[in-house]
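Plus 6 on top of the position in the sequence shown (first one is 1) and you've got the numbering used here. Beta carbons are placed, not taken as given, at the ideal position from N, Cα and C, and that holds for glycine. Since we're looking at a predicted model, the values are computed, not measured.
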Amino acid sequence: MSGNLKIRLLLLLLAIGFACTALTINYTIQDEEVLSLEARKVERRLHRKEKLVDQLLNNVAVRDSLKNIQSNGEWAQFIISEFSEKEDIFIQTFEKGKLSFWSGTRIVLETDSLLREGNTFIHWKNGYYEAVKRSWGDFSVICYIPVMSEYPYQNEYLRNNFSQDLLSSNTLDIASLNDKEVFNIRNLGGKYLFSVKLKVPASNSFYNYLELLMWIMAITFALIFLTHLCISIANRGNVGFAVLLLFSSVLTFRLIDLQNRWLSRYFDIELFDPKHYASSYFFPSIGEFFLNILSFTWVLVFIYSYRDKIIASVSVLSKPISYILLFATGSIVCSSAYIIDDLFYGLVTNSNINFDVSNVLNSTWLSWFGFLIFCFAILNLYLIISFSLALISRLRINNMERFFIFAGALFLAILYHIVLAEFTVYFLLFALILFLAGRAYFKSEGKVKAGTLVVCILICALIGSLKLSKYQFIKEQESRKILAGKLESSVDPNAILLFYKLEGEIIRDKFIVDYFNDPLSSHSALNNRLVKLYMAGYLSRYDFESFEYNEKDEFFRGDRGIPLSNFKNLVLKGSVKVTEYFYQRNNTFGFKQYFAILPIIEDNNKIGTLVLQLNSKRLNEVGVFPELLIDGKIKEDLQLKDYSFAYYSEGRLLNQHGNYVYNLVNNEFRGKNREFVYLNNSENGRQYNHLIFQPNPRKLVIVSREINTLFTQLASVSFIFLILLLFTGLIYVLQLTWNSLQNYNVSFRNFRWRLLISSNRMLYKTRIQLSMVAAVVITLLITGIITFFNISQQYRDQQEYMVLDKISKISSGINKQIVDMGMPTPDEQAEVAFNSLADLNGVDLNLFDINGRLLHSTQPKIYENGLIAPQMNALAYLYLNRLQKSEFINRERIGNLSFISAYVPLRNSKSEVIAYLGLPYFSNEKDYQDRIGIFLNALINVYALVFVAIGFFAVFVASRITSPLTLIQKLLRDTKIGAKNEHISWKRNDEIGNLISEYNTMISALEESAKKLARSERESAWREMAQQVAHEIKNPLTPLKLGVQLLEKSWKEKDPKFEVKFERFTKSFIEQIESLSHIASEFSNFAKMPETRLEQINLNEKIRQSITLYRQSEQTTINFKSDSENDIIINGDRDQILRCFNNLIKNAIEARSGERHCIIDILLYCKPESVCVEIRDNGTGMSEELKRKIFTPNFTTKSSGTGLGLAFVKQAIENIGGKITFETALDIGTTFYIVIPLLETQNENVIV
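Here's what the structure looks like:
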């Protein structure tokens, strides 16, 4: 069994093994196993935390320290740091049933009487906990281990998941009594705590990921097996079948996957979620998009690797067929570019993925994945273009014809875009890529220089940047149309969603019911409660008013506000009922207005009516509210922050929002009824694009967006260029690694990377370029990192200083009020005053009593909903109460929201601390991310531009530095022994000057040595030639001497047959004399070789003359094909060229094997700077030993001959600057390849 067969068998077995493993996991691992695995993981980790608690509480010294923790600040800090922050275990101590210490505010109980001794599983407002209680007399300790969070609503920061310390995957949920498939969780002592169940569907468990990994491995090895099989088939000569097999197999797999959607159906992979991207049946998700383009790349790379064999036969096609094939190839290249463009358009416009490269920090991992797909698309286009150029180079079309065809096609394309379509610069840039690639390919005979490749990549980046901007603008325009429609509508779906929830809560609110039962109650207290508890969060963007009426629908207290009948009339006049009690007013263009008529009922009796009226604030007055309080079901329109918009009615401005300054009277925007109109203008030096929507002749909605600047566009080009450059480098490294694995014996003991070997072959110029770029990049990275951390710390310090400054000023005012009026009582009026103070300063405030309990808060929903306990932060209380600090700033967390809070003590006239004031800065992290994001984006954009500029500057500088070395290299390459070699003139006295001086000295010494060597070689050559001539002459002289002696004997003996013998001997003598003459002529011709007379020769004519001479030979067929109908003119010796082809054709005829019919194929085709001639026969071929001597003078494979024929051909071809090589195979035949330089004038005509 061969090695390749063993490899294929191993690959097949691996693919089958992984597939069977995946199927085994799928069919044998049931939900019970998954539940058991995940639940035991939770139980095991919960036991670890229980052990920590037991070690803490069973230690007598620790227990005593906990009793005195109020007087031991260091111990308190240790408990908070090591247990609450690191281990997520919250500790509380109680003395005589009252709370004395707490280490966190996630859960705080006022008394320990609610829990029994030992381990208990409890459900609090924000989740589930295991509580461990230990008591020693009047002292008790409770440790809380979070099990699972459960908030009244969920959003970006509040998630109902198991504690990350217990379970990282979101596969389990707390089971209820009605659930059947459950797993019971017990504590260390075996006591039942709670039960868990498997979430449906549980698609992100360990077994699911393991099954997915097995399928990936199976498919990968199957694909490698299939590719290895196709390589084997292709190496046997069946390239077409191998390509067809690989393509059909990959296509079948993709179609099966697209039909079944098994990746998105059985595995919870965000990459295959159509909510991010979906375009068509073949592109239902970005993951399927990636698999499609990866599969196509795989097949394309296989085709590209066998391009020489695929296109080997096109060189014999006729000229008309060549033109057809050229047109077809060009059509395929252009179609490929248009297909990639269309796919890129769909990727941008049919997705919600952010591709804004001017704001890199807002990019998600899906954005980078999209750019990876773009890179693979460019790679595919590169492979198609390279394959097409290789194919075109073999066609019977010279470069001049190719150039004119390309220019004509480009002209027709430009004409088409001008007359019938929109003229764009994109196809011109793409044509420039084709021109540069084609010129480099044909000029360097299939090799594209790195400089040309980099320029093509830069043009691709420019096209990609322009296309990305265009497609993003198209996508943004469609989004803006939708936004304009939303703005024109007076419906607020988010508000209506909240109305459903809060109307029932308001009716059942005991405070409100008591308010209607107490005629002396404060309206401001009611209003404050409604605002802070019900109208906070999203509804804070509405101006709110409340009106109270008694059971007779009269004003509840005095003649204040709007009569209830007015609201009832609005209902009768057509206000839209949006919920049970809320209504939407009509004809409110530019604003949104709602009102609610809420009956207040007690014991099934109506005791009053509460009317709420909500009017949307002016858009520029909408304040900031904590995102923590927004229900995740509320779809916040984040697009609004990127736009400016305005409402006009009857030509006058009603409402506006954003940075653009609109005129009070509309004199610049003109719309069309129910149509979208776009307008560009500038404002304060900034360019804006406006969408104008006119719902009716009197109303106008304007949505404006700032247009990207030229700097942003340049940064975009630089960014995409860097991505393509890095991808190109990665492909290059992968290619080197693959070649290393193929060409070297890789082992753990001796592993040699070809990349390291190639570095020794790297040009000096390239090393200078890489050194310059590396130095600048490293410098920029170090500078950027230091700058980033420095700026980040400055932003943090600024935030902390700002918060401390604000709370210091507010506390000074409160302290003054306390000195003048005393400590306010915790009543309704004090709460109203506290909220007014916070609103006046534009901040959120919390007021805590001397024991750390919450008195007032401007965000009571945080505590009412149980997001955290109404208790002061433990560390802040420790510093202010125990350590007597005058201020403290602390980083806190609610759910996943991290923010800073500042605390200060409030003192009375006796400087006694009577309360603590806290200022939570909920938006600090978002502000920090926004500011640092702006800085980083600017830094990245600038660095990208600098990197590109330095790259080109490095190329320029390196070329200047190494230009003398390049000159020396050229002269050394052209240095020939025996010829006149040029000296270099260099005026500078530097290292290069010293090198040139040594070169000139070496040239002088070389010329002298060449003269001596030439004299010695001539003597040696003529000595050897004389010996050979003597040898060759002796061969015919021997039979001549023998014949004369025999003839003399017959004469003396009077032989009667003397005359017959004389006639026979005479003929033999004549033949031997002719042989001597032939030998003399051959040596004479060979000796005359230096006397080459150069003139312009028609190569086609000379080849045809030789063919005519030997065409009539027996059992011989000579075929001649040329890729040019024009004459091919070269510089050469007319007679020597004719004799060269005579010798080669004669040798091909004499190499015929037995009675086999001799077939000689002569092919002539042009390259940019040379003409190639192939002479192929079907003779006996040559062995390896003969191949080494074939051009040696006097060597022959025939029984007769001088062995000077091929030596003459080689010397004649080389004398005119040509080259001759050959390929041979035993019993198959021999092919001679002759490359002769074209005449310079003709050469200029064929170079593109």
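Practice item. Output yes if chain D places a C-beta closer than 8 Å to the C-beta of glutamate 1059; else output no. Key: No chain D appears in this structure, which consists of one protein chain only.
Practice item. Can you grab the Cα-Cα spacing for the pair aspartate 348 / glycine 657, in whole Å? Key: Along the sequence shown, read from residue 1 onward, the residue named residue 348 stands at position 342. Along the sequence shown, read from residue 1 onward, the residue named residue 657 stands at position 651. If I take the Cα positions, the gap works out to 42 Å.
Check your understanding: Where arginine 69 and glutamate 91 are concerned, what is the direct C-alpha to C-alpha distance, given to the nearest angstrom?
Key -> Sequence index remark: in the sequence shown, residue 69 carries index 63 (1-based). Sequence index remark: in the sequence shown, residue 91 carries index 85 (1-based). C-alpha separation (whole angstroms): 20 Å.
Practice item. Please confirm whether threonine 27 and methionine 220 have their CB atoms less than 8 Å apart. Key: Indexing the sequence shown from 1 puts residue 27 at position 21. Indexing the sequence shown from 1 puts residue 220 at position 214. Cβ distance < 8 Å, so threonine 27 and methionine 220 count as in contact.
Check your understanding: Roughly how many angstroms separate the alpha carbons of isoleucine 518 and isoleucine 512, rounded to a whole number?
Key -> The sequence position of residue 518 within the sequence shown is 512, counting from 1. The sequence position of residue 512 within the sequence shown is 506, counting from 1. Rounded to the nearest whole angstrom, the C-alpha separation of isoleucine 518 and isoleucine 512 is 7 Å.
Exercise for review: Using three-state DSSP, classify tryptophan 992 as helix, strand or coil.
Suggested key: Translated into the one-based positions of the sequence shown, residue 992 becomes position 986. Correct three-state label for tryptophan 992: coil.
Point to revise | Backbone CA spacing between histidine 53 and tryptophan 130 [nearest angstrom] | key: Residue numbering aside, residue 53 sits at position 47 when the sequence shown is read from its first letter. Residue numbering aside, residue 130 sits at position 124 when the sequence shown is read from its first letter. In a straight line, the C-alpha of histidine 53 is about 21 Å away from that of tryptophan 130.
Check your understanding: Residues in its own chain within less than 7 Å of arginine 913 by CB, not counting five upstream and five downstream?
Key -> The residue labelled residue 913 in the question sits at position 907 within the sequence shown. Same-chain partners within the cutoff: Asn821, Val919, Ile920.
Exercise for review: Please report how far the alpha carbon of histidine 696 lies from the alpha carbon of phenylalanine 361, in whole angstroms.
Suggested key: The residue given as residue 696 occupies position 690 in the sequence shown. The residue given as residue 361 occupies position 355 in the sequence shown. Going from the Cα of histidine 696 to the Cα of phenylalanine 361 covers about 22 Å.
Practice item. Report the three-state DSSP secondary structure of tyrosine 477 (helix, strand or coil). Key: As a working mapping, residue 477 is identified with position 471 in the sequence shown. Helix.
**Study point:** C-alpha gap between tyrosine 684 and lysine 647, whole angstroms
**Key:** In the sequence shown, counting from the first residue as 1, residue 684 sits at position 678. In the sequence shown, counting from the first residue as 1, residue 647 sits at position 641. Rounded to whole angstroms, tyrosine 684 to lysine 647 spans 20 Å at the Cα level.
Point to revise | Per-residue DSSP class, three states only, for asparagine 943 | key: As a working note, residue 943 is residue 937 in the sequence shown. Reduced to three states, the DSSP call for asparagine 943 is helix.
Check your understanding: Given a threshold of 16 other Cβ atoms within 10 Å of its Cβ, counted over all protein chains shown, does glutamate 586 qualify as buried or as exposed?
Key -> Position 580 of the sequence shown, counted from the first residue, corresponds to residue 586. Result: exposed.
Practice item. May I have the straight-line CA-CA distance separating alanine 1213 from lysine 1067, to the nearest angstrom? Key: The residue you call residue 1213 lines up with position 1207 of the sequence shown. The residue you call residue 1067 lines up with position 1061 of the sequence shown. Distance between the alpha carbons of alanine 1213 and lysine 1067 is about 40 Å.
**Study point:** Per-residue DSSP class, three states only, for proline 441
**Key:** Here residue 441 refers to the residue found at position 435 when the sequence shown is read from its first residue. First, the amino acid is wrong: residue 441 is phenylalanine here, not proline. When DSSP states are grouped into helix, strand and coil, phenylalanine 441 belongs to the helix group.
Check your understanding: Is phenylalanine 89 buried or exposed, if buried means 16 or more other CB atoms sit within 10 Å of its CB?
Key -> As a working mapping, residue 89 is identified with position 83 in the sequence shown. Phenylalanine 89 should be labelled buried.
**Study point:** Residue interval of the beta strand (DSSP E) (run including phenylalanine 145)
**Key:** Counted from its first residue, the sequence shown places residue 145 at position 139. Its beta strand (DSSP E) spans residues 145-155.
Check your understanding: Which class does histidine 529 belong to by DSSP, given the choice of helix, strand or coil?
Key -> Within the sequence shown, numbered from 1, the residue matching residue 529 stands at position 523. Histidine 529 falls in the helix class under three-state DSSP.
Point to revise | glutamate 101, enclosing beta strand (DSSP E) - first and last residue | key: Within the sequence shown, numbered from 1, the residue matching residue 101 stands at position 95. Counting along the chain, the beta strand (DSSP E) containing glutamate 101 begins and ends at 96-101.
**Study point:** Member of Tyr909, Leu873, Phe941 whose CA lies at the smallest distance from the CA of isoleucine 791
**Key:** Within the sequence shown, residue 791 is the residue found at index 785, counting from 1. Cα-wise, what sits closest to isoleucine 791 is Phe941.
**Study point:** Beta-carbon proximity of leucine 19 to histidine 234, cut-off 8 Å
**Key:** The sequence position of residue 19 within the sequence shown is 13, counting from 1. The sequence position of residue 234 within the sequence shown is 228, counting from 1. Contact: no.
**Study point:** Spatially closest choice to alanine 875 from Gln1118, Arg859, Leu1012, by CA coordinates
**Key:** Residue numbering aside, residue 875 sits at position 869 when the sequence shown is read from its first letter. Out of Gln1118, Arg859, Leu1012, Arg859 has the C-alpha closest to the C-alpha of alanine 875.
**Study point:** Span separating the alpha-carbon of glutamine 170 from that of glycine 143
**Key:** Within the sequence shown, residue 170 is the residue found at index 164, counting from 1. Within the sequence shown, residue 143 is the residue found at index 137, counting from 1. A straight line joining the alpha-carbon of glutamine 170 with that of glycine 143 spans about 35 Å.
Review point. So, are the CB atoms of isoleucine 726 and serine 471 less than 8 Å apart?
Key: Counting from 1 along the sequence shown, the entry for residue 726 is found at position 720. Counting from 1 along the sequence shown, the entry for residue 471 is found at position 465. Cβ distance < 8 Å, so isoleucine 726 and serine 471 count as in contact.
Review point. Which class does glutamate 484 belong to by DSSP, given the choice of helix, strand or coil?
Key: Locating residue 484 in the sequence shown gives position 478, where the first residue counts as 1. If DSSP states are grouped into helix, strand and coil, glutamate 484 belongs with the helices.
**Study point:** Which of helix, strand or coil DSSP assigns to glutamate 931
**Key:** The residue given as residue 931 occupies position 925 in the sequence shown. Of the three classes helix, strand and coil, the one that applies to glutamate 931 here is helix, per DSSP.
Review point. Under a Cβ-count criterion, where at least 16 other Cβ atoms within 10 Å of its own Cβ denotes burial, should valine 354 be classed as buried or exposed?
Key: Within the sequence shown, residue 354 is the residue found at index 348, counting from 1. Buried: at least 16 other Cβ atoms inside 10 Å.
Practice item. Could you tell me which residues DSSP pairs with isoleucine 904 in its beta bridges? Key: One-based indexing of the sequence shown puts residue 904 at position 898. Just to set this straight, residue 904 is serine in the shown sequence, not isoleucine. According to DSSP, serine 904 bridges with Arg899.
Check your understanding: Leaving out five residues before and five after glutamate 870 in sequence, what residues of the same chain have Cβ atoms less than 7 Å from its Cβ?
Key -> Start at 1 with the first residue of the sequence shown, and residue 870 comes out as number 864. Result list for glutamate 870: Leu539, in chain order.
Check your understanding: Which residues in the same chain have their Cβ closer than 6 Å to the Cβ of tyrosine 310, if we skip the five residues on either side of it in sequence?
Key -> Numbered from 1 along the sequence shown, position 304 holds the residue referred to as residue 310. Leu389, Phe393, listed in sequence order.
Check your understanding: In terms of residue numbering, what span does the beta strand (DSSP E) encompassing arginine 1140 cover?
Key -> Working through the sequence shown from its first residue, we reach residue 1140 at position 1134. Membership of arginine 1140 in any beta strand (DSSP E) is not indicated; the residue belongs instead to the alpha helix (DSSP H) covering 1140-1156.
Exercise for review: Mark threonine 594 as exposed unless 16 or more other C-beta atoms lie within 10 angstroms of its C-beta, in which case mark it buried.
Suggested key: The residue you call residue 594 lines up with position 588 of the sequence shown. Threonine 594 should be labelled exposed.
Exercise for review: In the DSSP assignment, find the beta strand (DSSP E) that holds alanine 137 and state where it starts and stops.
Suggested key: Residue numbering aside, residue 137 sits at position 131 when the sequence shown is read from its first letter. In this chain, the beta strand (DSSP E) harbouring alanine 137 covers 133-142.
Point to revise | From Gly110, Asn266, Arg14, Gly196, residue whose alpha carbon lies closest to that of alanine 228 | key: Stepping through the sequence shown from its first residue, residue 228 is reached at position 222. The residue among Gly110, Asn266, Arg14, Gly196 with its C-alpha nearest the C-alpha of alanine 228 is Arg14.
Exercise for review: Give the DSSP-derived three-state secondary structure of glutamine 804 in the structure shown.
Suggested key: As a working note, residue 804 is residue 798 in the sequence shown. Here glutamine 804 sits in helix by DSSP.
Practice item. Tell me whether threonine 615 counts as near the ligand GTP, meaning its Cβ is closer than 7 Å to at least one heavy atom of that ligand. Key: No copy of the ligand GTP appears in this structure; indeed no ligand is present at all.
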